[in-house]
Amino acid sequence: MNLAIDMTALLAACALACAAYGYSRRLRGAEAACRAASGVGAHYASIVQHSRNAIVAADLGGTVISCNPTAERLYGWAAHELRGRPLSAICPPELAGQHAVLAARIERGERIEEFETVRLHRDDTRLSVSLTVSPTRDADGRLSGSSEIVRDITKRKQAEHWLEAQHAVTRLLADPAALEGPLTPVLAALGERLGWTFGSLWEVDRRAQVLFCRATWTSDGADTHDFEALTQRAHFAPGEGTPGRVWITAAPVWVEQFADQRGCLRARAAADGGLRGAVGLPITSGDELLGVIELISRDRQPPEEGLTEVLATISAQIGQFLERRRAQEEHARNLAAVTATRELARSADPRSARTAICEVALKISDAYLTIFFEPDASGLGLVATAAAGGALPDIVRDEVLPYAAASGAVTAFKSRSRFFVADPLGHPEVSQRHLAATDAASMLLLPVVSDGESVGVLGVYWSRRMSTLDERLGSLIDLLAAEAAMAMERADMLSQLERVARTDELTGLPNRRAWDRELSIVLELAERDLAPVCVAVLDLDRFKSFNDERGHQAGDRLLKQTAASWSEQLREPDVLARYGGEEFTVLLPAIPAEDAAAAIERLRTATPGGQTCSAGIAIWDGSETADTLVGRADAALYAAKELGRDRHVVHTPEIAELLADAASRRDSESVAALATVLALAEALDLRDSRTARHSQTVAGYAHEMARELELDPERAERVRIAALLHDVGKIGVADSILRKEGPLIDEEWAEMRRHPEIGARILATTSFDDIRTWVLAHHERPDGRGYPRALTSEEIPLEAKILAVADSYEAMTSDRVYRDALDDERACAELRRCAGGQFDERVVAAFLAVLERKGSVATRAGDQVS
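Using our numbering, the final residue of the sequence shown is 873, and nothing's skipped along the way.
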């Protein structure tokens, strides 16, 4: 009997009951009415009892009051067990809200027809059903409950879901993008449409003879994180776990209780995640097993013939897809090998050639790490020189594998044959220390042979176990090894030619071409790292005369000896090059100016054969070009030559301006004398690293004050020159006094106070009388208590007053051996306190304005100097 017939019968029964009731009232005969109603009731009961649909009656509170035998069979409960239970007991918890909505509609007197939903069997199996729910009324017409006619549509729904799953998988596999990524969307389509909770796809690794997890999927809301993590890390050999059993049988494997499987490593995690029933399905291509699909549910899953057939069809689809993808991957691997081999052939230097070998091996082998080993320069063993795929472990990078040691790399190197180890753990010919560092499950060591001799070893390391080495892969790697040998030979030859092209034949030093390239690289790095760079140009003094007197062979010997001697004085990153003839260049990266001058002095004093040399030094300004930097060093070398040779000169803007200014006066004697004085001032600054660049800093302060006081540009420039020279007289003060760590005694102070007069006498050799006067007076005080002549304010030149403030401020804000530096605020407070006595008030006010504008000191009320 179908639903339409049942509904007609029920409606007829209800109509008869109503008619009988009305007739009984008209006859006002209770006995007749009872007989009529009894007949209708018997007919109604018969329809309900024999209906093929489940019928459940409930009161207004939703409690079951009766059900027919079909309902008993559908839900697995006897009538007396179901009576008194709420309808919600056969409704899945997640549909509680839906059940409440239906109940509300009944309470409003609505009728619900053909509503498709899910109900629960006694054993928690889910049933797809179609509901027709009608409100019921008592004899007085009041709403009393509901009558629910339930049609089991589980098989129809299953068939629909199976067909949807099949179509969904077909669509997904037809998408070209599927070839590139994991098959998680396919697992999702299966799981969501077929009601599974977890899915995984396993592929066969023929080389390793294991099934490895290719993709996983979990339904929304499922707590299977631990189980999924274990699955993704697992490998199954034939016979192990559900995937391994499928591999052995090549047929579907149904598991009703996943956690009860003996030896199942994932059993505990499955139980914790509420996973129960499972099925494993073979994915085949012809007679070859390509992989396994594993689906797991929260419910028990007994074998279902129809579902098995559907899953078999879907598995066949996936098998065809995997075969297509495998063919494409094989083609891509071969193409990668060809392309990478071409790249290898283009490797021009030895290092890139070795790295390229490792990268090509990584591409074609599906390994996680490749390492190239070569003989160590000491001849004691093999050392790693390149790698790809990951960071090279420290122990592998830093350690030499002795030729006498147990090592797969050494074995392959000595035997000149392929050395494959499926399980290296504990293997007598594998370095267990290296194995622990690489964490490899399987490895291949392949010798690279040239002219019958091993020149290196290529190590290929897999993270999963491989029982055998696939012959196609082995052939590809053999081809790579042969190409690698030729690439290395070609790269080494090109490197040798490059070295010849970049090396001075006589001295073995880098030549001009190599120097230009190295300087460009160092300046680029220095700009990025904000690091200092120093360049020096050195020239052997009177080398032409040496050649003329002793012959060119003696000159060549001197150049070779000089190159060797100077090279010994340099640090690892420094570069010494032969620039041309008797001229050399030195590149000193990451070195302060004062240390650079000391380094060049060490080279000069190491000049062999009793010869001397001159040097020009330039400190990179952070932005100038390499040509400009070398040009400044060359100009400083010229100055050193003009000053009489056998010395160094550091190029600064101030020195360049002074020399240019003196030259413009056509006063060669003044140029030479002033240059000498400047060299002395520079030497004084470098005399003690703790006061290095004192004169440069004072010159900067003095120049800014001169501009603040509105001195004309030429006069301001001469103030800066005077500041550079203000302490030149200290060249005549003993080191023991200058570097004394405690306070000076009276005799020492008397010696120190002589330096302005000494400086004035030194400057007397030049034509710059104004500068000499300012230097002589820069320790005079407006209150008449200064030295050397105790001048008063009106007698002291303004320029000397500027020097006094600049000199004192720089001294106060710098560390000295006898005290720590003051901060800017305290130093400025000291200037204010001494204004009008030790310092000129107008000059102090100008300097405070300069500092305020630069942000070195904050403005405060009462800062005016009066």
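Ideal Cβ positions, reconstructed from N, Cα and C, are used throughout, including at glycine.
At the level of alpha carbons, what is the spacing between Ala16 and Ile54?
Bear in mind that a pLDDT of 40 at Ala16, under 50, signals an unreliable position, so the model cannot answer this.
Among Ala394, Ala393, Thr445 and Val455, which has the Cα closest to the Cα of Ser422?
Val455
Between the Cα of Asp131 and those of Thr249, Arg652 and Arg283, spot the shortest distance and give me the residue it belongs to.
Arg283
Member of Arg332, Thr392, Phe380 and Gly396 whose CA lies at the smallest distance from the CA of Glu7:
Residue 7 is absent from the model: the chain starts at 8 and stops at 873.
Would you mind listing the beta strand (DSSP E) stretches within the segment 579–605 that are 3+ residues and don't spill past its ends, in chain order?
582–587 and 590–596
Near Thr320, what residues of its chain come up, given a Cβ to Cβ distance below 8 angstroms and the 5 sequence neighbours on each side ignored?
Gln173
Where Glu608 and Ala741 are concerned, what is the direct C-alpha to C-alpha distance, given to the nearest angstrom?
21 angstroms
So does the segment 93–107 actually touch the segment 62–79, counting three or more Cβ pairs closer than 8 angstroms?
yes
Which of helix, strand or coil DSSP assigns to Ala39
Because the pLDDT at Ala39 is just 46, under 50, the model does not fix this residue reliably, and the value given afterwards should be weighed accordingly. In this structure, Ala39 counts as helix in the three-state DSSP scheme.
Presumed contact (8 angstroms Cβ cut-off) between Val812 and Val850, rounded CB distance:
5 angstroms
Ala236 at chain D interface by Cβ criterion, 9 angstroms
The structure shown contains no chain D; it holds only a single protein chain.
Where DSSP assigns a beta bridge to Ser154, which residues make up the other side?
Ala64 and Ser141
Alpha-carbon to alpha-carbon, Val544 and Asp563
19 angstroms
Rounded to whole angstroms, what's the CA-CA distance from Ala605 to Lys737? Just pull it up for me.
20 angstroms
Inter-residue Cα distance where the pair is Ser322 and Leu532
58 angstroms
Just checking, does the segment 262–279 make contact with the segment 158–176 on the three C-beta pairs under 8 angstroms criterion?
no
Go through the segment 419–506 residue by residue and report every complete run of the alpha helix (DSSP H) that reaches 4 residues or more, in order.
439–445
DSSP state of Ala699 mapped onto helix, strand, coil
Its pLDDT being 48, under 50, Ala699 is placed unreliably by the model, and the measurement read from it follows with that caveat. Correct three-state label for Ala699: coil.
When the Cα of Glu101 is compared with those of Arg112, Glu117, Val125 and Arg80, which residue comes out closest?
Val125
Pairwise C-alpha distance: Thr619 and Glu589
12 angstroms
Output needed for Val593: all residues of its chain with C-beta closer than 6 angstroms, excluding positions within five of it in sequence on either side, in chain order.
Ala543 and Leu583
Classification of Pro763 by the beta-carbon crowding that lies within 10 angstroms, buried from 16 upward
buried
Does Asp212 come out as helix, strand or coil in the three-state DSSP assignment?
strand
Under the DSSP definition of a beta bridge, which residues are partnered with Asp546?
Glu590 and Ser621
Whose CA, out of Gly466, Leu731 and Asp822, lies closest to the CA of Leu810?
Leu731
Check whether Leu526 and Gln576 have beta carbons under 9 angstroms apart:
no
Which stretch, first to last residue, makes up the alpha helix (DSSP H) that contains Ser574?
His559 to Glu575
Could you tell me the alpha carbon to alpha carbon distance between Glu291 and Pro245, rounded to whole angstroms?
It should be pointed out that residue 291 corresponds to Thr in this sequence rather than to Glu. Going by the C-alpha atoms only, they are around 15 angstroms apart.
Going by DSSP, name the residue or residues bridged to Leu302.
Gly206 and Val286
Taking the beta carbon of His57 as the centre, do at least 16 other beta carbons fall within 10 Å, making it buried, or is it exposed?
exposed
Best match in Gly280, Ala276, Gly707 and Trp209 for proximity to Glu247 [C-alpha to C-alpha]
Trp209
Endpoints, beta strand (DSSP E) assigned at Ser73:
Val71 to Cys74
Can you tell me whether DSSP reads Val857 as helix, strand or coil?
helix
Which residues in the same chain have their Cβ closer than 8 angstroms to the Cβ of Tyr794, if we skip the five residues on either side of it in sequence?
Arg760, Pro763, His786 and Glu787
Residue span of the beta strand (DSSP E) that contains Glu758, given as start and end:
Per DSSP, Glu758 belongs to no beta strand (DSSP E); it is in the alpha helix (DSSP H), Asp753 to Met759.
Determine the closest residue to Glu837 out of Gly481, Gln560, Thr659 and Tyr816, with distance taken between C-alpha atoms.
Tyr816
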